[in-house]
Amino acid sequence: MTKTTTVLLSTEKLIDLGSELTDIMNSLEMNNLTLEALEITQKVDTTTFNWIAKKYIETAYAQNEKLCQRLDKIAFLLLNNDNPRNWRH
């Protein structure tokens, strides 16, 4: 038996969530490009690699925490789209 639910999120809100997910994907892609550059730098210049890697780790950790928080909010809204009482997350 299939349960039918009504989607209570507006079209505008769904578009906003889609845009936010695209922004998150772009941030993750930038992270991947940075990691590739670090791999190349490590092979060429260890001193430069160590300095850049330290800076990257500091920045990436904070950025990843923010991305996880954003993803958590989006997932919560989508999973609870049929129950507005839960939207105060």
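First residue of the sequence shown? That's 8 in our numbering, and the numbers climb one at a time after it.
Backbone N, C-alpha and C define an ideal beta-carbon position, used for all residues, glycine too.
The distance from the Cβ of Thr9 to that of Asp89 is about 14 angstroms, inconsistent with a contact at the 8 angstroms cut-off. Annotation for Asn71: the continuous alpha helix (DSSP H) segment containing it runs Thr53 to Leu86.
Taken through DSSP and simplified to helix, strand or coil, Lys20 comes out as helix. In the structure shown, Leu15 adopts coil according to DSSP, grouped into three states. Separation of Asp23 and Leu16 (C-alpha to C-alpha, rounded to the nearest whole angstrom) is 11 angstroms.
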